[in-house]
Structure formats: structure tokens, C-alpha cells
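Novice: In the numbering used here, the protein residues as written are -4 to 292. Even for Gly, the Cβ is constructed at its ideal location relative to N, Cα and C. Given the structure is predicted, the values throughout are model-derived calculations rather than measurements. To start, I am sharing the structure in question, which I have written as C-alpha cells.
Here you go:
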């Protein structure tokens, strides 16, 4: 590996249960969407006029055989939830969203001419890359910060957040995948994330990590291409692993369709301004194009 010490990968992963797969299929097929959310017994909608949408798209007519997603694109909170009981400065931190990920994803979408779907709400409202009601879905504490609005949350309130903010985003991902599939027999799926440079006192050496599970088609050639840049430290399932059981997006969308996929986990100090995000996107777009071509051959 160029530029950094050899990382230690995450060895195991818990397979998704049949029950979870059934729940996923039901919601992706039947969720009512952001305009008419279903809350069970909770009749008042979580989202109100003036709240941002649960998702947005960029470069929807992009011609590349690729869909880009950004699960943690926003630090927005529905007005009905106030400030979640935390300071605005905490929402601005990496616990509230993936800093610079959206700017990077939009830059990549333009450079490679791919459509992009991005989430509309903070990961502290509900995490769009976690199984609903599962580990980390609505965290009570994140990197030492207690989130009062998430503590002892009733099941109906958690379901309301999922119906308003989670399922509409993932339904749109499915819709965009169908659009790409109508144009391309083979195509890829890439999710753009960012991570904090320091966690629990550990200074992460990786400028970008490539997260993947058991399909090497896209991640292996991508890591090889990125490592030709001697100044770039590239992690293999670092600082997180896509083999962790809590990972949602690629299990819900890429694996059922047999798509080549990976996640980009970019250290946010590389992309924390629009200018830096654009520069980093230009730095990695060539390797991404090369790896995508290899994966689809």
C-alpha cells in the first residue's frame, strides 16, 4: 500500500436475516413516500410545510453506467423535532452529517456524468445506512454527545421518522436504479461517505477507504488504481468495514441486483470546503472510471 501502514481488515459479517429481508421488500414496494407518510397511530405528519424533502437528486439524466448515493448528505432536522436537544455546533460536526460528502458526490456526478441520490436529513434524525430499528438507526449517543430527543424513543415515533425520512430516500434510490437499468445492462453502485480524521484519539492515516463486502469486481481494481498515487493513503475496509452487519444501503440495493458496488469513505479534512471536495473528486475520478470499466467487462 502506498503512503500508509498496512490496514487490518474486519474479518466477519453477520448475514441479513430472512425477516429483515422480508421487511425490506415490503417497505421498498409499499412505502407511501414523503408526500403521504404512513405513521400507524401517529396522525400528525413529522414533516411540515417548509421542511426540506427527504431526498433530492442531481444529474438525474446522467449517462454513465453508475448510480451514486450519499446517505448522510444533510444536517437538517424536521421543525417538529426542534434541535434534537443538542447544540447547532454538534449538528455541524461529523455526528450530524458526512462533512463534504455531498459536495464530493456532486462533483463526481458531474465529472463522470452519473445520477446521484442524496438524503435530506441528519443521520441523528435517522441513519439512512442502518437497518431501521437496528443498531445505530437512531443513536442516543454519538461520539460522546448525548442526543436527548433520541432517548427512550417510542416505537411509533421511530416508525414516523423512518416513514418520513428513510423510506422515501431508499425508494428513490430504487427508482433511480430502475432508470439506470433501463439504459444499461451492466452498471455499478457507489455510496459516498466521509469520516472524521480522529476517532477516540486515533489519527486515521487513510485519506480514502474503499469499503466492500464479498464482491471484488469494483473495489479491488479501484484500490489498485488509487494506490498508483504515491501521496494517497488508501484503506481496504478502513476505517470501517462494509462487512459489518449494520450496513444497509448496499445490502438493500446492490446485492439483490447483483451490482458491482463499494463505498468511498473519505477523510473529511480532504473535502471540507467545496473547493477541496472538487479537487479531491478530480483526483479520484480517473481511478473510478478505470475500475468501473474493469468491473463491467
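#1: Taking residue 304 as the reference, give the member of 187, 113 and 175 with the closest Cα.
#2: Below 7 angstroms CB to CB, which residues in the same chain sit around residue 157 once its five sequence neighbours on both sides are set aside?
#3: Examine chain B for any beta-carbon lying closer than 9 angstroms to the beta-carbon of residue 250, and answer yes or no.
#4: Alpha carbon to alpha carbon, what distance is there between residue 234 and residue 194?
#5: Who are the near neighbours of residue 97 in its chain, counting only those whose CB is closer than 7 angstroms to its CB and skipping five residues on each side?
#6: Do residue 280 and residue 106 have their beta-carbon atoms positioned less than 9 angstroms apart in this structure?
#7: Got a sec, what are the start and stop residues for the alpha helix (DSSP H) residue 90 sits in?
#8: Starting from the N-terminal side, write out each stretch of the alpha helix (DSSP H) that is 4 residues or longer and does not extend beyond the stretch 131 to 162.
#9: Going by DSSP, what residues sit across from residue 258 in a beta bridge?
#10: In three-state DSSP terms, what is residue 191?
#11: Pull up the distance between the alpha-carbon of residue 181 and that of residue 170, whole angstroms please.
#12: Starting from the C-beta of residue 138, find all residues in its chain whose C-beta is less than 6 angstroms away, skip the five residues before and the five after it, and write them out in chain order.
#13: Let me make sure I understand the geometry here. Which of 168, 94 and 237 has the alpha-carbon closest to that of residue 258?
#14: Flag this pair as touching only if the stretch 218 to 228 and the stretch 142 to 154 have three or more C-beta atom pairs under 8 angstroms; answer yes or no.
#15: I need the straight-line Cα distance from residue 256 to residue 155, nearest angstrom please.
#16: Since residue 205 and residue 230 are thought to touch, with beta carbons under 8 angstroms apart, how far apart are those beta carbons, to the nearest angstrom?
#17: Spatial neighbours of residue 43 within its chain, please: CB distance less than 8 angstroms, with the 5 preceding and 5 following residues excluded, ordered by chain position.
#18: Assuming residue 125 and residue 263 are in contact, meaning their beta carbons sit under 8 angstroms apart, how far apart are those beta carbons, in whole angstroms?
#19: Along the beta strand (DSSP E) that carries residue 58, what are the first and last residues, could you check?
#20: Would you identify the three-state DSSP class for residue 108, choosing helix, strand or coil?
#21: Taking C-alpha atoms, which residue in 110, 82 and 243 lies nearest to residue 161?
#22: Are the Cβ atoms of residue 108 and residue 59 separated by less than 9 angstroms?
#23: From the DSSP secondary-structure annotation, give me the bridge partner or partners of residue 242.
#24: Shortest alpha-carbon distance to residue 79 belongs to which of 111, 101, 61 and 119?
Specialist: From the atom records:
#1: Since the first residue of the chain shown is -4 and the last is 292, residue 304 is not available in this structure.
#2: Its chain contains 121 and 127 as the residues whose beta carbon lies nearer than 7 angstroms to that of residue 157, once the 5 sequence neighbours on both sides are disregarded; these appear in chain order.
#3: Among the chains in the structure shown there is no chain B, since it carries only a single protein chain.
#4: Taking the straight line joining both Cα atoms gives about 10 angstroms.
#5: Residues 65, 68 and 113 of the same chain have their beta carbon placed closer than 7 angstroms to that of residue 97, with the five preceding and five following residues left out of the count.
#6: Yes, these two residues count as a Cβ contact at 9 angstroms.
#7: Per DSSP, residue 90 lies in no alpha helix (DSSP H) segment and is marked neither H nor E.
#8: The DSSP assignment places complete alpha helix (DSSP H) segments of no fewer than 4 residues inside the stretch 131 to 162 at 150 to 156, in order along the chain.
#9: According to DSSP, which records beta bridges pairwise, residue 258 is partnered with 186 and 206.
#10: Three-state DSSP puts residue 191 in coil, outside helix and strand.
#11: Straight-line Cα distance between these residues: approximately 16 angstroms.
#12: Leaving aside the five residues that flank residue 138 on each side, the residues in its chain whose CB is nearer than 6 angstroms to its CB run, in chain order, 90.
#13: Out of 168, 94 and 237, 237 has the C-alpha closest to the C-alpha of residue 258.
#14: Counting C-beta pairs with one atom in each stretch, the stretch 218 to 228 and the stretch 142 to 154 have fewer than three that are closer than 8 angstroms, which means they do not touch.
#15: For the pair residue 256 and residue 155, the Cα-to-Cα distance works out to about 30 angstroms.
#16: Residue 230 and residue 205 do touch by the CB rule: their CB atoms are close to 7 angstroms apart, below 8 angstroms.
#17: Listed in chain order, the non-local C-beta contacts of residue 43 below 8 angstroms within the same chain comprise 73, 74 and 75, local neighbours out to five positions each way being set aside.
#18: That pair is no contact at about 19 angstroms.
#19: Per DSSP, residue 58 lies in no beta strand (DSSP E) segment and is marked neither H nor E.
#20: Judged by DSSP in its simplified three-state form, residue 108 adopts coil rather than helix or strand.
#21: For residue 161, the nearest C-alpha among the options comes from 243.
#22: Between residue 108 and residue 59, the CB-CB gap stays under 9 angstroms.
#23: Per DSSP, the beta-bridge partners of residue 242 are 125.
#24: Ranking 111, 101, 61 and 119 by CA distance to the CA of residue 79 puts 119 first.
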